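Trainee: Attaching a single structure in structure tokens format; questions to follow.
Protein chains: 2
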Amino acid sequence: MMRFPFRRKRPPALADSGPRARVVIVGGGFGGLRAAKAFADAPVQVTLVDRRNHHLFQPLLYQVATAALSPADIAQPIRSVLRGQSNVEVILAGVNSIDVAAKEVVLDEDVGRLRYDYLILAAGANHAYFGHDEWAPSAPGLKTLEDALDIRRRILTSFEEAEHEPDPARRKALMTFVVVGAGPTGVEMAGAIAEIARFSLARDFRHIDTRDAKVILLEAGPQLLGAFPDRLSRHALRDLERLGVDVRFGKPVTAITPDAVTVGDEIIPANTIVWAAGVQASPLGRSLGVDLDRAGRVLINPDLSVPGHPEIYVIGDMASLKDARGRPFPGVAQVAMQQGAWAAANIQGAIEGRRVRPFRYRDLGNMATIGRNSAVADIRGLRLTGFVAWLAWAVVHILNLIGFRNRVLVALQWLWDYLTFQRGARLITGVAAD
Amino acid sequence: MMRFPFRRKRPPALADSGPRARVVIVGGGFGGLRAAKAFADAPVQVTLVDRRNHHLFQPLLYQVATAALSPADIAQPIRSVLRGQSNVEVILAGVNSIDVAAKEVVLDEDVGRLRYDYLILAAGANHAYFGHDEWAPSAPGLKTLEDALDIRRRILTSFEEAEHEPDPARRKALMTFVVVGAGPTGVEMAGAIAEIARFSLARDFRHIDTRDAKVILLEAGPQLLGAFPDRLSRHALRDLERLGVDVRFGKPVTAITPDAVTVGDEIIPANTIVWAAGVQASPLGRSLGVDLDRAGRVLINPDLSVPGHPEIYVIGDMASLKDARGRPFPGVAQVAMQQGAWAAANIQGAIEGRRVRPFRYRDLGNMATIGRNSAVADIRGLRLTGFVAWLAWAVVHILNLIGFRNRVLVALQWLWDYLTFQRGARLITGVAAD
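Heads up: the protein sequence lines correspond to chains A and B, in order.
Be aware that the first sequence starts at 1, since it is given in my numbering, and climbs by one per residue.
Be aware that the second sequence starts at 1, since it is given in my numbering, and climbs by one per residue.
Written as structure tokens, this is what we have:
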């Protein structure tokens, strides 16, 4: 076991100006990465640790799951994003726990411990099955690139098997796709699967008509896109139904097996089931020994620090905080990014002896896409639907991707898909390579 | 168990013109795909079966393994390539064996049997370890997209682990990359790994200098790129050595473990080992009950048919055939493609009562690339090196990719990599998603 830093190729730029505060950031998602960038030129030594080598642009992950984009188009190596910042080092390792007393981050597999003066926890959330973890193998969620490739494989393989399935009942199950949960991810998945069946694959098979595929979107609550204004969520519903998606409200899923979903009294035979219904914060919050909410999020102070630990900040999907009107901040990228910058500013303030300030959120709006020419957007009161919303959605997402290369590649592929109705990443991979 | 075809969405275009000969093609690689296309408009019913849903452009697979391209850039769904040909159906299934007596292809997992009047076997080859299959987990070869992603993961993870490895000996092993076999794949892999270490990663790490990485290319024979003229192979050697690759000839590898390669008396500690030394034809050839060569290839007639079975053709990497001067045809894409077209023509000739003709090969040349601005090309006697060869290599490979979309995406990414010295697909994926 060793302590970082243990060796240094070249001295840090400001090494002579005395000992510098050590900041450790756990997680290279939207929050952690923004925090690391906010420390550029600050007299601190930053270590960002993530179990992945890449930052993932999660809002477009469903496009990898539905064969429109490649993993590399929406992911960027974290150390390459931060290469120009000489006061940042990046470590690829899992984090086991936080040793609050020793002020150390304990890494997995005896890689070592990271000492910190200040800690920013930004390890995000994973999907949760409300106490039914046994559903996970049958109904994968969508959080990582591996999840997305798994779902892509399931969708494409279902059509392939249906093509040579002689039993009509089994063929129908192979061509039934159930998405559980009608938040943005569920709506986007359901719309994209319907488009694959109706357009992209329509001419490719000889024995099945892919347009017979059934896409069912299940929502236990009363409406889809609950975070959006009523008019927009009704609009999204109409657009989904025009694509042929069967949207059902008000009944919770009670059982999931590899080949069926039970909702209320009804058993729906389905070969492909996608889970988009709930998340659980990273278990790292538990090792802080402070209060958590039901979803495992840390109940933080308004300044984003942890009660009793002014040196620890928790941000993004790991944090539970309410705004001035008592509404919880949603688990979206813009909250995480703004909190990342805010936590970094508060830490610099604390180092310089200034007072830390309570987090203030600047809500830039909300968007979700249903399919070609169809999206809903609520941008600071301006409510858009249809083609205009879809175009706004596309532009905002391309501009927010990291890296010029990815922006060009995604824009080109969208243009191509739009003109040809095709999807460029229709690969079934990950099967046994024999 | 059922027999194909068992159901049909719409009648085939020429269904009224009497019973049509059934052609089954096993394999959607260069040979099989070209054969299927050659049957366009022919009065035959073609079934192409492959265990993969995609045709893979293998000559660029090393670029996926070295993080320059994404899998989807060099792969295309087979049924999408053939969607316009109404007399072709595509089945995604593995082939278990050929029942020569019943004239049936036996599919894996009880999917069924495919009756044929004519059969084209084009199932290719896999890497072979010369009786040392135990080396496979330590030294993966490069045949599938999964192989490529596995090698990419190993290369990138080695640098990540070296960054926080305190033991100097272990760090040196992590930064040692051994490629076994100096044919085109081995040369291209060694050159690309050296470029990653020297250029792409050079500024990304804080504790290691990636330019210290050691790339060793081992070749048991006396020279690299054995199929090329001497002058070109010497030129390639010089270019590789300029990139810092340590090329060693004349000693066979005698042992491979997860962390070392033994060559002659020397044990080379290395964390990443890539196998590019030998291939073995698909085991399907065995079920024909005819003579095979040492690499498992079927010894075929000059017209590409199997001795005693004029209804069975074997092409590409599965076939063993010598040209008029007694030299075996090499296992490259252009041989497979020309044989695919030739076998299709001979089958049509046989159906129409014409005489089948012996295969004639039109050698269009040979190319291999070492790195930026560096390649060798032997095009019908015209011998190119350096930048000109590299440009010719790039143009030829882009033009031969299937699909306008892939051509544009690959060209753009190469341009981007060329200008920035970066690699756009530096993802470590496939790790446990916890």
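Built from N, CA and C at the ideal position, the CB exists for glycine as well.
Note that this is a predicted model, so its numbers are computed, not measured.
For B:V301, decide whether its Cβ has a neighbour in chain A, counting only Cβ atoms nearer than 7 Å.
Mentor: Reading the sequence as shown, one finds Asn at residue 301 of chain B and not Val. False, the Cβ-Cβ gap to chain A never drops below 7 Å.
Trainee: Please state the DSSP three-state secondary structure of B:M175.
Mentor: Reduced to three states, the DSSP call for B:M175 is coil.
Trainee: Need the endpoints of the beta strand (DSSP E) that A:F249 sits in, please.
Mentor: Run containing A:F249: 246-249, per the beta strand (DSSP E) assignment.
Trainee: What's the call for B:S103, buried or exposed, on a 16-neighbour Cβ count within 10 Å?
Mentor: Reading off the sequence shown, one finds Lys at residue 103 of chain B, where the question assumed Ser. When all chains shown are included, B:K103 counts as buried.
Trainee: With C-beta atoms as the reference, is B:R153 less than 7 Å away from B:G430?
Mentor: Yes. Within cutoff.
Trainee: Beta-carbon separation of B:V90 and B:I98 under 7 Å?
Mentor: No, the Cβ-Cβ distance between B:V90 and B:I98 is not below 7 Å.
Trainee: When burial is assigned at 16 or more other CB atoms within 10 Å of the CB, is A:E163 buried or exposed?
Mentor: Per the 10 Å Cβ criterion, buried.
Trainee: If the cut is a Cβ gap below 7 Å, which residues of chain A does B:W416 touch?
Mentor: In chain order: R405.
Trainee: In the DSSP assignment, find the beta strand (DSSP E) that holds B:A508 and state where it starts and stops.
Mentor: Coverage of chain B is limited to positions 1 through 434, which leaves residue 508 of chain B absent and any answer about it impossible.
Trainee: Whose C-alpha, out of B:Q339, B:D363, B:L156, is nearest the C-alpha of B:F227?
Mentor: According to the sequence shown, residue 227 of chain B is Ala rather than Phe. Nearest C-alpha to B:A227: B:D363.
Trainee: Could you name the residues of the same chain whose beta carbon sits closer than 7 Å to that of A:A281, not counting the 5 residues immediately before and after it, in chain order?
Mentor: The residues are A125, A295, G296, R297, D317, M318.
Trainee: Could you name the residues of the stretch 73-86 of chain B whose beta carbon sits closer than 9 Å to any beta carbon of chain D, in the order they occur along the chain?
Mentor: Among the protein chains of the structure shown, namely A and B, there is no chain D.
Trainee: When DSSP labels each residue in this structure, what does A:R423 get in the three-state scheme?
Mentor: Note: A:R423 maps to coil in three-state DSSP.
Trainee: Using a Cβ-Cβ distance under 7 Å, would A:M1 count as near chain B?
Mentor: Because the pLDDT of A:M1 is 39, which lies under 50, any placement of that residue in the model is unreliable, and the question is left without a value.
Trainee: Pop quiz: A:A93 and A:D108 are said to be a contact at Cβ under 8 Å. What is the actual Cβ separation, rounded to whole angstroms?
Mentor: Confirmed, about 6 Å.
Trainee: Around the C-beta of B:V388, are 16 or more other C-beta atoms found within 10 angstroms, so that it is buried, or is it exposed?
Mentor: So B:V388 ends up on the exposed side.
Trainee: Could you tell me which whole alpha helix (DSSP H) segments of length 4 or greater appear in the stretch 216-277 of chain B?
Mentor: Counting only runs of 4 or more, we get 230-242.
Trainee: Cα-Cα, which of A:V215, A:A236, A:I216, A:L218 is closest to A:L225?
Mentor: Closest by alpha carbon: A:A236.
Trainee: Of all the options B:I151, B:T210, B:S200, which has the alpha carbon lying nearest to the alpha carbon of B:F159?
Mentor: Closest option to B:F159, Cα to Cα, is B:T210.
Trainee: With respect to the alpha helix (DSSP H) encompassing B:T185, which residues constitute its N-terminal and C-terminal limits?
Mentor: Where B:T185 is concerned, the enclosing alpha helix (DSSP H) stretches over 184-195.
Trainee: Identify whether B:A472 lies in helix, strand or coil by the three-state DSSP scheme.
Mentor: Residue 472 of chain B lies beyond the stretch modelled for chain B, which goes from 1 to 434, so this question has no answer here.
Trainee: Closest Cβ-Cβ distance between A:A192 and chain B: below 7 Å?
Mentor: Not closer than 7 Å to any Cβ of chain B, the Cβ of A:A192 fails to qualify, so no.
Trainee: Apply the 10 Å Cβ neighbour rule to B:L382 and answer buried if 16 or more other Cβ atoms are within range, or exposed otherwise.
Mentor: Label assigned to B:L382: exposed.
Trainee: What's the gap between the Cα of A:P137 and the Cα of A:P258?
Mentor: Taking the straight line from one Cα to the other gives about 8 Å.
Trainee: How about A:E161 and A:L174: do their beta carbons lie closer than 7 Å?
Mentor: Yes, these two residues count as a Cβ contact at 7 Å.
Trainee: Looking at C-beta atoms only, is the number of pairs between the stretch 167-184 of chain B and the stretch 261-274 of chain B that lie closer than 8 Å three or more?
Mentor: At 8 Å Cβ cutoff, the stretches touch.
Trainee: Shorter than 7 Å from the beta carbon of B:S158 to some beta carbon of chain A?
Mentor: Chain A contact via Cβ: absent.
Trainee: So, do the stretch 341-352 of chain A and the stretch 25-45 of chain A have three or more beta carbon pairs nearer to each other than 8 Å?
Mentor: The answer is yes - the stretch 25-45 of chain A touches the stretch 341-352 of chain A, with three or more Cβ pairs under 8 Å.
Trainee: What does the Cβ neighbour count give for A:P358, buried or exposed, with the cut at 16 atoms within 10 Å?
Mentor: By the 10 Å Cβ count, A:P358 comes out exposed.
Trainee: Check whether the stretch 57-64 of chain B and the stretch 73-86 of chain B are in contact - that is, three or more C-beta pairs closer than 8 Å.
Mentor: The stretch 57-64 of chain B vs the stretch 73-86 of chain B: in contact.
Trainee: Based on the DSSP secondary-structure assignment, which residues constitute the bridge partners of A:V26?
Mentor: In DSSP, A:V26 forms a bridge with A:V49, A:L121.
Trainee: With DSSP as the reference, identify every bridge partner of B:I126, one or two as the case may be.
Mentor: Here residue 126 of chain B is Asn; the residue named in the question, Ile, does not match the sequence. In the DSSP output, where bridge partners are listed per residue, B:N126 has B:Q280.
Trainee: With the cut-off set at 7 Å, would you say B:R405 and A:W390 are in Cβ contact?
Mentor: No, these two residues do not count as a Cβ contact at 7 Å.
Trainee: Is it right to say B:D50 is buried, meaning 16 or more other beta carbons lie within 10 angstroms of its own, or is it exposed?
Mentor: So B:D50 counts as buried.
Trainee: Measure from the C-beta of A:H54 to each C-beta in chain B and report whether the shortest distance is under 7 Å.
Mentor: Yes, its Cβ sits closer than 7 Å to a Cβ of chain B.
Trainee: For a contact meaning CB atoms closer than 7 Å, what does A:A350 contact in chain B?
Mentor: Those within 7 Å of A:A350 in chain B number zero; the least Cβ separation is about 25 Å.
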